[in-house]
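Colleague:
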DNA sequence: AATTGTTTGTCAATTAATTAACTAATTGTA
DNA sequence: TACAATTAGTTAATTAATTGACAAACAATT
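Below, the structure is given as structure tokens:
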């Protein structure tokens, strides 16, 4: 199971494999070749084999891949074997929407929500209390929080991120239209820049 | 202003340029070199020049780029010169969150929201009525809808997409964890696969 | 058991994307 | 006005990513 520098392009395809394999598993398909997978998922068969080889290769010549095994392997590669503790910072519409997404079923347990607005602090979303930001440090440390979702407005994002890092969070899922400056190279930052996505759509729409 | 096949990598960087240039403009910076921009935005100076050359090149040797001009040019490239009419399908937590995002300020005017759930139809979010899906065809045609945001559950996504295409929508912004099958090659589909993003984060978290 | 067909893993070839080097235009200054 | 400094545009070199080809391994069949 080699692991010297897997490219970002490959990594970003893994969740899609995982998604499709799960579906196949649910449909009772227990064997698949790279060619068949190619037809379904839209990557070339060669690319699929190359991608999987990055992590050791899980197939068998003349047979293909066992769907369940491959699903489990990719799950493992994606770190879906343990549960991560998460919190949401900013309990506005987006924060509340994410709280209701139930990422818990994928192994991401929501442990708390935070906001500065006294109109929402004290409320509960899906049994999770919205707490004041004053409690952030304590909660991160007590509950051993791994991942924080930043759903504040863009002006608050950087200072919130600084606090999160200071208090020991390991990864940030950033929903604000800001590129966070994080000095600590150990901290993972994953952005969901909705406006960038919409502008990309707009680009292609204009091209027509 | 050449335009023979700009690569996806370049296109997906454009919104970031646009974002940073806007910020500079607001800060009263009116001139910038590729080197300075590189320090701020994190792409190499060479890449920045290469990117811009795809669209004709807007700089001047010995001077750099005029921030306002470049901002406007990129805005134009991204199609931000006209207003697009949008609707949201699925008025659950996410749909409501997106309605409150106010993409109108970027030229994306929200013209309606739709849901099948009678508990939410009739309600208003930011002065936009949540309508029953029965009215979808009529509204798309009357209001000349360009873009639909799909925020339904994943099981409804494909059939909603089929209807949207049939009724004349030009682009779909898909928030469901499904890869929509659209035959009509003229239709733009832009995905926001939140779970894929979270699993990518998870991958890097596991790597540490 | 032998043979045919399938399919991965591997390696090579190709294509795409990024980075570096260079040239010529322009700015700013003495 | 002349000259040094700056900097985009351009071309070339490098690196990365994708695709194609094929041998070895295995499965299925006779």
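Residue numbers (our numbering), protein chains in the order written: chain A, 132 to 339; chain B, 132 to 339.
A virtual CB, placed ideally from N, CA and C, is assigned to each residue, including glycine.
Because the structure is a prediction, the values reported are computed rather than measured.
List the DSSP bridge partners of residue 241 of chain A.
Modeller: DSSP, once it has assigned bridges, lists A/217 as partnering residue 241 of chain A.
Colleague: Are there 16 or more other CB atoms within 10 angstroms of the CB of residue 206 of chain A, so buried, or fewer, so exposed?
Modeller: Buried.
Colleague: Who are the Cβ neighbours of residue 319 of chain A in its own chain at under 6 Å, not counting the five residues just before and after it?
Modeller: Within the same chain, residue 319 of chain A has close Cβ partners 302.
Colleague: Check residue 263 of chain A in the structure and name its three-state DSSP category.
Modeller: Note: residue 263 of chain A maps to strand in three-state DSSP.
Colleague: How is residue 246 of chain A classed by DSSP in three states: helix, strand or coil?
Modeller: Three-state DSSP puts residue 246 of chain A in a strand.
Colleague: In the DSSP output, what is residue 321 of chain B paired with across the bridge?
Modeller: Bridge partners of residue 321 of chain B: B/304.
Colleague: According to DSSP, is residue 256 of chain B helix, strand or coil?
Modeller: Here residue 256 of chain B sits in strand by DSSP.
Colleague: What residues from the stretch 160-192 of chain A come within 7 Å of chain B, judged by C-beta to C-beta, listed N to C?
Modeller: Those residues of the stretch 160-192 of chain A that come within reach of chain B (Cβ to Cβ, closer than 7 Å) do not exist; the list is empty.
Colleague: Using DSSP with H/G/I as helix, E/B as strand and the rest coil, what is residue 134 of chain A?
Modeller: Because the pLDDT at residue 134 of chain A is just 49, under 50, the model does not fix this residue reliably, and the value given afterwards should be weighed accordingly. Three-state DSSP puts residue 134 of chain A in coil, outside helix and strand.
Colleague: Could you spell out where the alpha helix (DSSP H) holding residue 278 of chain B opens and where it closes?
Modeller: No alpha helix (DSSP H) holds residue 278 of chain B; the beta strand (DSSP E) holding it covers 278-281.
Colleague: When the cut-off is 8 Å and only beta carbons count, does residue 132 of chain A lie next to chain B?
Modeller: Bear in mind that a pLDDT of 37 at residue 132 of chain A, under 50, signals an unreliable position, so the number given afterwards is only what the model happens to contain. No - not a single Cβ of chain B is within 8 Å of the one on residue 132 of chain A.
Colleague: What is the DSSP secondary structure of residue 196 of chain A, reduced to helix, strand or coil?
Modeller: Three-state result, residue 196 of chain A: strand.
Colleague: Which residues bound the alpha helix (DSSP H) around residue 290 of chain A?
Modeller: Per DSSP, residue 290 of chain A belongs to the alpha helix (DSSP H) from 285-298.
Colleague: May I have the straight-line CA-CA distance separating residue 272 of chain B from residue 327 of chain A, to the nearest angstrom?
Modeller: So the alpha carbons of these two residues sit roughly 27 Å apart.
Colleague: Listed in chain order, which residues of the stretch 220-238 of chain A have Cβ atoms closer than 9 Å to some Cβ of chain B?
Modeller: Within the stretch 220-238 of chain A, the residues whose Cβ lies closer than 9 Å to some Cβ of chain B are 223, 224, 225, 226, 227, 228, 229, 230, 231, 232, 234, 237, 238, listed in chain order.
Colleague: Give the interface partners of residue 148 of chain A over in chain B, defined as CB-CB distance under 9 Å, in chain order.
Modeller: Near residue 148 of chain A there are no residues of chain B at all, since even the closest Cβ is about 10 Å away, more than 9 Å.
Colleague: Could you name the residues of chain A that residue 277 of chain B contacts, counting a contact when the two beta carbons are closer than 8 Å?
Modeller: Simply 336.
Colleague: The alpha helix (DSSP H) spanning residue 165 of chain A covers which residue range?
Modeller: Looking at the DSSP string, the run of the alpha helix (DSSP H) that includes residue 165 of chain A is 165-172.
Colleague: What does residue 317 of chain A touch in chain B if you count any residue whose Cβ is under 7 Å from its own?
Modeller: Near residue 317 of chain A (Cβ distances below 7 Å), the residues of chain B are 339.
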